[in-house]
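K.L.:
According to this note's numbering, the sequence shown holds residues 6 to 616 in order. Ideal Cβ positions, reconstructed from N, Cα and C, are used throughout, including at glycine. Nothing here was measured: the structure is a model prediction, and the numbers come from that model.
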Amino acid sequence: MRLVMTEPVERMAGPYRRRWWALLVLCLSLLIIVMANTALTVAAPDMTQDLGLSSADLQWVIDGYTVPYAALMLLLGAIGDKYSRRGALVLGLLVFGGGAVAGSLVDSATGVIAARAVMGVGAALIMPATLSLLAATFPRAERAKAITLWTATAGLAIAAGPLVAGALLADHGWSSTFLINVPIAAVAIVGAFVLVPPSKAAHHSRIDYVGGLLSVVWIGSLVYMIIEGPHFGWGVKAVTAAVAAGAGLLAFVLWELRHPRPVLDVRRFADRRFAGSNLAVALFFLAVFGAFYYLTQHLQFVLGYDALETGTRMLPLAGAVFVGSALTGYLTPRVGMKWTVSAGMVGGTAALALLTQVDAGSDYGDFVAPLVVLGLAIGLALSPCTDAIMGAFPESELGVGGAVNDTSLELGGSLGIAILGSLLATSYSDHLADATAGAGLPADALATAQDSVGAGYAVAQGIGDKAHALAARAAHAADPQQAAQLKAQAEQLAQGAGRMADAVGSSFADAVAHTSLIGAVVLGVGTVLVAALLPGRTKAAPAAEEPTQEPAGERTAEKAAATEEKPKRADAPKEPERTGAEKGPEQAGAEEKSERAGADKEPERADAGAR
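So, in structure tokens, the structure goes:
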């Protein structure tokens, strides 16, 4: 057994024997880049206090990771296709780990933002590489199952991030949430060399660097605009980014339509299956990331759970993702992806609708059902969409296919946090102003409390601290009359602190309910659009299923070859596997088939030998 895996899959006589171990490495790599964002949501309060972060600083600590991550994936996916997909994965893990080490050592907002940006560059290398290596390593008959496990890992990471961060923060500082990535990245690097076969496109022309750079411009500008505008106002920066995004997108589309070998053939979006799958991924993560953003805040600030308790209470989501993934693996081959994806999106809409019932009296039990339904929805909807997106690309563009899927995911997530987060902030601010009207709260204190739910409780805590200070003075006052006055003032302030805390909690609960209603409407409308776009089973399923389901023993060699060619001609986007590798063995003889053909046609060989 070789210590380092050097033989590409397409040169193997049959399916790669350790492909499921290779999938474990890919899922481990995916786990840390998703957890890097979700873990930060519970580490943010400690980081804010330690570094003295402003609201704007904290926003960019979170989103400094997202901008390079989303903007670079398409170009880096194409580079990985041409030179080395495994190389892109390993390089990404090194960059990601280096950024994590730097993030744990810095002591300023600027330093943390820069470290997060470096981690985002690493994630942009890792994310498309995991999907392209998965597609290159697994035969078509097993790819849907592998993608289901990949998707389940992403769902697990969403819930595991707060749990891991909470466990670390119980005994360590916020820097530990950066350092935990380093040993995991190191294990993944070793596993990549030992277990993951090298892969690159068999035939790949020169990279369309102009198209790649234009994609960086328009996607990066769009994500920046999504972050800057809703959170910081539509000033010069946000408007400039919007103009750059629009002009960059137009230039990108025009260039790609004219280029003979584009980095992304935009004509693919005319295919209903491909367009519907991308729309479903974007809309679903808009809802998931938006809901996750305010659910973690409600659990921590309103219900008073610490970081570890918050992470533990998100576990029903992770468990439900695995159940949903198992269901989609069973249902999709039987009813078609249109129905499983639509069912998942309906489930996501239902989960957000359940959150509209949240009020000041809600406890954790009221959140269990929405979390479970949302997890089931993630498992049902995302695996078939990812499989369809990857199936639209030929072997030479698997990295680009992974990048398209992941860009849709990131754009949707960014939009969810920006749009739903902005709606949440506005609704909370308005409800708090109404709840404290006539309470005599100073204008500057109210403005501070309206900034965020954490700031609101800090204002209430400040009022309570003043009450304790006055009570202490009253206890030591020599004049009984003065002591009585101080005690009365302390009691009044204590009651005001209690009312302020109640107003903050009820205002945020009302904001969660209002934002969930908007999210449910958006996802509900999106569900109708996706269901209308996705073709029915008769149009989508046969191209992927015929080659593996038709009995090989009942056909002559000539009929088998003719039948294998039909799906490629009938639905070209459905045949992304190693076409170059397959044609060569077919011309040389049935004994020298590629991995996929070898796995699918084994019964035919045995039957031919018998004859």
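Would you report the Cα separation of residue 82 and residue 11, rounded to the nearest angstrom?
P.N.:
Taking the sequence shown and counting its residues from 1, the one referred to as residue 82 is at position 77. Taking the sequence shown and counting its residues from 1, the one referred to as residue 11 is at position 6. About 21 Å.
K.L.:
Measure the CB-CB distance between residue 276 and residue 518 and report whether it falls below 8 Å.
P.N.:
As a first step, residue 276 must be located in the sequence shown, where it is residue number 271. As a first step, residue 518 must be located in the sequence shown, where it is residue number 513. No, these two residues do not count as a Cβ contact at 8 Å.
K.L.:
My understanding is that residue 56 touches residue 113, with C-beta atoms under 8 Å, so please give their C-beta distance in whole angstroms.
P.N.:
On the sequence shown, residue 56 is found 51 positions in, with the first residue counted as 1. On the sequence shown, residue 113 is found 108 positions in, with the first residue counted as 1. At roughly 7 Å, the Cβ-Cβ gap stays under 8 Å, so residue 56 and residue 113 are in contact.
K.L.:
Go through its chain and collect everything with a Cβ distance to residue 47's Cβ below 6 Å, but skip five positions before and after it.
P.N.:
One-based indexing of the sequence shown puts residue 47 at position 42. Contacts found: 167, 170, 171, 312 and 315.
K.L.:
How many Å lie between residue 177 and residue 116 at the Cα?
P.N.:
For the purposes of this step, residue 177 is taken as the residue at position 172 of the sequence shown. For the purposes of this step, residue 116 is taken as the residue at position 111 of the sequence shown. When rounded, the distance between both Cα atoms is 20 Å.
K.L.:
Where residue 523 and residue 71 are concerned, what is the direct C-alpha to C-alpha distance, given to the nearest angstrom?
P.N.:
Your numbering for residue 523 matches position 518 in the sequence shown. Your numbering for residue 71 matches position 66 in the sequence shown. If I take the Cα positions, the gap works out to 24 Å.
K.L.:
Check for me: the alpha helix (DSSP H) holding residue 75 runs from which residue to which?
P.N.:
Position 70 of the sequence shown, counting from 1, holds the residue named residue 75. First-last of the alpha helix (DSSP H) with residue 75: 71-87.
K.L.:
For residue 65, count neighbouring Cβ atoms within 10 angstroms of its own Cβ and tell me buried if that reaches 16, exposed if not.
P.N.:
For this step, residue 65 is matched to residue 60 along the sequence shown. Residue 65 is buried by the Cβ-count criterion.
K.L.:
Which value, in whole angstroms, describes the spacing of the CA atoms of residue 216 and residue 443?
P.N.:
Here residue 216 refers to the residue found at position 211 of the sequence shown. Here residue 443 refers to the residue found at position 438 of the sequence shown. Each residue's Cα considered, the two are about 58 Å apart.
K.L.:
How many Å lie between residue 448 and residue 439 at the Cα?
P.N.:
In the sequence shown, residue 448 corresponds to position 443, counting from 1. In the sequence shown, residue 439 corresponds to position 434, counting from 1. Distance between the alpha carbons of residue 448 and residue 439: 13 Å.
K.L.:
Hey, would you say residue 282 sits closer than 8 Å to residue 393, going by beta carbons?
P.N.:
Locating residue 282 in the sequence shown gives position 277, where the first residue counts as 1. Locating residue 393 in the sequence shown gives position 388, where the first residue counts as 1. In contact: residue 282 and residue 393 (Cβ atoms closer than 8 Å).
K.L.:
Can you tell me whether DSSP reads residue 574 as helix, strand or coil?
P.N.:
Here the question's residue 574 lines up with position 569 in the sequence shown. Note that residue 574 scores 38 on pLDDT, short of 50, meaning its location in the model is unreliable; the coordinates nonetheless yield the value given after this. Correct three-state label for residue 574: helix.
K.L.:
If you pair each beta-carbon of the stretch 183-203 with each one of the stretch 31-40, do three or more pairs fall below 8 Å?
P.N.:
Taking 8 Å as the limit for Cβ pairs, the verdict is that the stretch 31-40 does touch the stretch 183-203.
K.L.:
Going by beta carbon distance, what residues of the same chain come within less than 7 Å of residue 9, once the five residues before and after it are set aside?
P.N.:
Sequence index remark: in the sequence shown, residue 9 carries index 4 (1-based). Counting only Cβ-Cβ distances below 7 Å, and skipping sequence neighbours, we find 198 and 199.
K.L.:
Taking C-alpha atoms, which residue in 470, 481 and 384 lies nearest to residue 158?
P.N.:
Position 153 of the sequence shown, counting from 1, holds the residue named residue 158. Ranking 470, 481 and 384 by Cα distance to residue 158 puts 384 first.
K.L.:
Find the nearest neighbour of residue 208 within the set 489, 403 and 475, judged by alpha-carbon distance.
P.N.:
Here residue 208 refers to the residue found at position 203 when the sequence shown is read from its first residue. Among 489, 403 and 475, the Cα nearest to that of residue 208 is on 403.
K.L.:
Tell me whether residue 24 is buried or exposed, calling it buried when 16 or more other Cβ atoms sit within 10 Å of its Cβ.
P.N.:
Within the sequence shown, the letter at position 19 stands for residue 24. Buried, by the Cβ-count rule.
K.L.:
To which residues of the same chain is residue 248 closer than 7 Å at the C-beta, ignoring the five residues directly before and after it?
P.N.:
Your numbering for residue 248 matches position 243 in the sequence shown. Once the five neighbours on either side are set aside, residue 248 has no close Cβ partner at all.
K.L.:
Check residue 494 in the structure and name its three-state DSSP category.
P.N.:
Position 489 of the sequence shown holds residue 494. DSSP places residue 494 in helix when its eight states are reduced to three.
K.L.:
Leaving out the 5 sequence neighbours to the left and right, which residues in its chain are closer than 6 Å to residue 461 when beta-carbon positions are compared?
P.N.:
Start at 1 with the first residue of the sequence shown, and residue 461 comes out as number 456. Hits under 6 Å: 454 and 509.
K.L.:
Going by beta carbon distance, what residues of the same chain come within less than 6 Å of residue 478, once the five residues before and after it are set aside?
P.N.:
Stepping through the sequence shown from its first residue, residue 478 is reached at position 473. Excluding positions up to five away in sequence, the list reads 491.
K.L.:
Looking at the unbroken alpha helix (DSSP H) that takes in residue 451, where does it start and where does it end?
P.N.:
In the sequence shown, counting from the first residue as 1, residue 451 sits at position 446. Residues 448-456.
K.L.:
Measure the alpha-carbon distance for residue 470 versus residue 231 and round it to whole angstroms.
P.N.:
Residue 470 sits at position 465 when you count from the first residue of the sequence shown. Residue 231 sits at position 226 when you count from the first residue of the sequence shown. Going from the Cα of residue 470 to the Cα of residue 231 covers about 38 Å.
K.L.:
Considering only residues of the same chain and omitting the five flanking positions on each side of residue 163, which have a CB-CB separation below 6 Å?
P.N.:
The residue given as residue 163 occupies position 158 in the sequence shown. 43.
K.L.:
Please classify residue 462: does DSSP put it in a helix, a strand, or coil?
P.N.:
As a working note, residue 462 is residue 457 in the sequence shown. Residue 462 falls in the helix class under three-state DSSP.
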